[in-house]
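Inspection log for the structure reproduced underneath, given as structure tokens.
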Amino acid sequence: MLLQEKNNITPEEYLSLERDSEIKNEYFAGEMYAMAGASRSHNKISTNIVRVLGNQLIEKPCSIFSSEMKVKIEAIKKYTYPDIVVVCGNEEYDDENNDILLNPVVIIEILSDSTEAYDRGDKFSHYQFIDSFAEYILISQYFQKIEKFIRKKDNTWIYSKYEKTEDTITIHSINCQLSLSDVYKDVNLSEYHMRRNQLKLKT
């Protein structure tokens, strides 16, 4: 969730503030946006994915990073924090701090009520300015549902959706597989629905 903004700052000012900040902030067009904390389900899904894909990438020239790694979209001077990012081959960074990745191949976002529209809309559009970006994966933390977008050579995208426990997704750009049973292992999806039903009863 984007909580607040600080206006009219330069990228250099943003980086100076961000590296000393106790919370994560995105940056775009002179504005600095604070990010909200993640739920247990969000964190569990992220941990599951990093574990499963990390094991498959051990013998490959690829690295996987969780939400502490910033990504810079050079074409529009935007700094953002994907939930999970995979890079292969030569890792390109913005500076000697090696904390701002320039060439992600796979980006994974875990959707929430407050971020879903952004992740599907502007954020996805902005990611597409990155030449190396090949696959985009959106994961619901409330329902058993994963969506995948694969970039074609003409810069159009192929969409697919997975909702069954036995479904397995192939991430072609890194030659890895991700099953829904692994992604949602020990994730209590009923918590969200119980909370939503309780709110409905109060209204």
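The sequence shown maps to residues 1 to 203 in the UniProt record's numbering.
Just so you know, even glycine gets a beta-carbon here, dropped at the ideal spot from N, CA and C.
Distance between residue j and residue i (C-alpha atoms, nearest Å)
i: E68; j: I23; result: 10 Å
i: S114; j: G37; result: 11 Å
i: N97; j: Y14; result: 15 Å
i: V106; j: F143; result: 22 Å
i: I150; j: F129; result: 15 Å
i: D182; j: K60; result: 21 Å
i: I146; j: I158; result: 14 Å
i: I76; j: D20; result: 24 Å
i: Q56; j: S16; result: 36 Å
i: E74; j: Y127; result: 10 Å
i: S140; j: C88; result: 26 Å
i: N8; j: T165; result: 47 Å
i: K123; j: S190; result: 28 Å
i: K153; j: Y136; result: 15 Å
i: E12; j: E116; result: 29 Å
Close Cβ partners of residue i (< 7 Å) along its chain, the five nearest in sequence each way excluded
i: N25; result: E18, M32, Y33, A34, M35
i: D94; result: K72, I100, L102
i: E163; result: Q144, K145
i: V187; result: S41, K44, I45
For residue i, the three-state DSSP class (helix, strand or coil)
i: K70; result: strand
i: I45; result: helix
i: S112; result: coil
i: K185; result: coil
i: R19; result: coil
i: S63; result: strand
i: V106; result: strand
i: M1; result: Since pLDDT at M1 reaches only 45, below the 50 mark, its modelled position is unreliable, and the value read off the structure follows with that caveat. In the structure shown, M1 sits in coil (DSSP, three-state: anything other than H, G, I, E or B).
i: L53; result: helix
i: E96; result: coil
i: I169; result: strand
i: I130; result: coil
i: S190; result: helix
Extent of the continuous alpha helix (DSSP H) to which residue i belongs
i: Y159; result: Where Y159 is concerned, there is no enclosing alpha helix (DSSP H), although the beta strand (DSSP E) it sits in stretches over 157–162.
i: L178; result: Premise fails: L178 lies in the beta strand (DSSP E), 176–179, not in any alpha helix (DSSP H).
i: L138; result: That residue, L138, is in no alpha helix (DSSP H); its beta strand (DSSP E) goes 135–140.
i: Y33; result: Unbroken run through Y33 is the beta strand (DSSP E), 31–35; no alpha helix (DSSP H).
i: F124; result: 122–127
Cutoff 6 Å; reference residue i; Cβ partners in own chain excluding five residues on either side
i: S179; result: T168
i: T80; result: E26, V71
i: E109; result: D83, D119, L138
i: T170; result: Q177
i: S132; result: N103, V105
i: S160; result: K148
Any non-hydrogen atom of the ligand ATP within 6 Å of residue i CB
i: D95; result: Looking for the ligand ATP in the displayed structure turns up nothing, as the structure carries no ligands at all.
Option nearest residue i by Cα separation, candidates the options
i: H172; options: T165, V187, V183, K148; result: K148
i: I174; options: G121, D131, P104; result: P104
i: T10; options: S21, G30, V86; result: G30
i: R40; options: F133, G121, L111; result: L111
i: N155; options: S125, S63, E166, K161; result: S125
i: E90; options: T47, S63, E74, E116; result: Reading the sequence as shown, one finds Asn at residue 90 and not Glu. Comparing Cα positions, the closest option is S63.
i: K185; options: E116, K123, V52, A134; result: V52
Range covered by the beta strand (DSSP E) that runs through residue i
i: K153; result: Per DSSP, K153 belongs to no beta strand (DSSP E) and is neither H nor E.
Other residues of its chain near residue i: CB distance less than 8 Å, five sequence neighbours each side excluded
i: V85; result: I64, F65, M69, V71, L101, P104, V106, I107, I108
i: G54; result: I64
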